[in-house]
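> One structure follows; several queries about it will come next.
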Amino acid sequence: MDEGVATTSISSLHHDIINTHLLTRLDGPTLASTSCASSQLHTLSNDENLWTNICLSTWPSTDDPRIRQFISNFPNGPRSFFSKSFPLLISHPDPPSQNLNPPSQTQELISAVDIHYQGKSIFSKVQEIETHSGWFRCSPFRIDLLDPKDVVPTSIVQKRDTRRDLFEELRLSWIIINPVGKQAANFSSWRPVSVQRHWLTNEVQVRFATILGVDQVTDVQCGIIVTFGGEMQVREVSLQVENMDGINLNGKDSLGILEKAIQSGERKKGRREEARERYEEYVTRMRERKEKKLRIERRLDALCVAIGVSILASFWMLVLLR
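According to the working numbering, the sequence shown holds residues 1 to 322 in order.
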């Protein structure tokens with residue numbers, strides 16, 4: 001009975017009133033849920049201008065002409081772009097039989113990056129990188145959004161517990177776009193997974209990370225570093241792909257992993273804390289992997305010493321018995 005009354009009251013409202021005074025006040029996830037309530041709301045919630053404004057309010061970088069052009073060519077427009085770029089990205093490993101890497105057709109990747117503090121934008125940039133040259137494929141993969149001498153002032157004020165403040169208030173989005181495949185995904189954990197102060201420079205380094213599956217036993221970390229200087233100026237915003245030994249992958253390997261994640265990675269709605277939990281689990285496995293390697297190296301060292309001592313003892317035995 002109540003549902004019927006609610007439906008009637010919504011249906012009695014003019015479309016312009018619903019669009020102007022109700023739907024424009026909703027964020028992306030809420031609007032997507034609202035579209036499931038009735039056929040009328042489903043139709044109204046698919047309005048392209050509505051989703052364009054949501055993309056702009058969520059990611060100021062989407063106002064860039066290159067990004068606007070890409071979204072306009074994206075299958076199903078801004079709503080589909082939002083559904084691909086907003087949720088947490090989880091890339092599962094392929095079965096061994098599917099672990100084939102065909103030659104990449106990607107000529108460039110576009111990064112759309114936004115940093116918010118206390119809900120306000122403090123940094124926004126779009127950057128393209130070419131991916132077809134031999135230099136890119138053989139060199140360590142790294143995207144830097146700022147030159148070494150560049151700094152970006154922010155409204156962040158140094159506090160007694162800066163680390164906790166950044167954990168709670170700083171948010172980052174790093175959307176990587178593949179123009180050839182008309183696909184996009186967000187490679188940020190949104191919330192920081194770690195905040196550390198450098199002991200020498202006193203700079204604050206904030207890490208965001210997404211863990212991507214490569215095969216049945218190996219994952220890699222798509223790590224994003226934001227470095228703040230003494231007056232909380234942004235000095236570095238960079239992205240790298242590292243393996244479980246902490247080694248940066250080259251452009252060719254990184255491109256293959258990113259393409260796979262963009263194309264077939266799961267977009268998961270729900271708890272943002274899951275990204276940090278996955279990162280902490282990854283760090284634990286990295287530590288265990290390192291400790292295992294150290295144990296093996298110690299055993300090999302001990303074996304080499306024992307063999308050396310045995311050879312030396314045998315030599316002197318032969319010398320003394322002659």
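In this text, a Cβ means the ideal position worked out from N, Cα and C, and glycines have one as well. The structure presented is a predicted model; accordingly, all values stated were derived computationally and were not measured.
1) Which runs of the alpha helix (DSSP H) fall wholly inside the region 141-208 and span at least 4 residues, in chain order?
2) Mind reading off the beta-carbon distance from Q205 to V152? Whole number of angstroms is fine, and I expect it under 8 Å.
3) Closest to I115 by C-alpha separation, out of R207, Q183, R68 and I311, would be which residue?
4) May I ask you to report which of helix, strand or coil DSSP gives P283?
5) Count the other CB atoms within 10 Å of the CB of N49; is the residue buried (16 or more) or exposed (fewer)?
6) Going by the CB atoms, is the gap between L88 and I176 shorter than 7 Å?
7) For H21, which residues in the same chain have their Cβ closer than 7 Å to its Cβ, ignoring the five residues on either side in sequence?
8) Counting only the same chain and skipping the five closest in sequence on each side, list residues whose C-beta sits under 7 Å from that of S139.
9) Which residues does DSSP pair with S121 in a beta bridge?
10) Under DSSP, the beta strand (DSSP E) around G223 begins and ends at which residues?
11) Looking at the structure shown, is T106 part of a helix, part of a strand, or coil, going by DSSP?
12) Please confirm whether I262 and A185 have their CB atoms less than 7 Å apart.
13) Closer than 7 Å by C-beta to Y282: which residues in its own chain qualify, once you throw out the five before and the five after it? Chain order, please.
14) N248 and F141 look like a contact to me (Cβ under 8 Å); what is the Cβ gap, rounded to whole Å?
15) Looking at the secondary structure, which residues open and close the beta strand (DSSP E) in which Q240 lies?
16) Determine, using beta carbons only, whether R276 comes closer than 7 Å to chain D.
17) If you follow the beta strand (DSSP E) that I90 is part of, which residue opens it and which one closes it?
18) Need the endpoints of the alpha helix (DSSP H) that E48 sits in, please.
19) Report the three-state DSSP secondary structure of V126 (helix, strand or coil).
In terms of the structure at hand:
1) 162-169
2) Between the beta-carbon of Q205 and that of V152 there is about 16 Å, and that puts the pair past the 8 Å contact cut.
3) R207
4) Note that residue 283 is Val in the sequence shown, not Pro. Looking at V283 - three-state DSSP - the assignment turns out to be helix.
5) That one is exposed.
6) no
7) In this predicted model, H21 has a pLDDT of only 48, less than 50, meaning its place in the structure is not dependable; the value taken from the coordinates is given anyway. Here the set comprises nothing.
8) N250 and G251
9) H116
10) D219 to F228 is the span of the beta strand (DSSP E), which, as asked, contains G223.
11) DSSP places T106 in coil when its eight states are reduced to three.
12) yes
13) So the qualifying residues of the chain are I211, D219 and Q221.
14) 7 Å
15) V234 to E242
16) Note that chain D does not occur in the displayed structure, where there is just one protein chain.
17) Unbroken beta strand (DSSP E) run through I90: L88 to I90.
18) E48 to T58
19) strand
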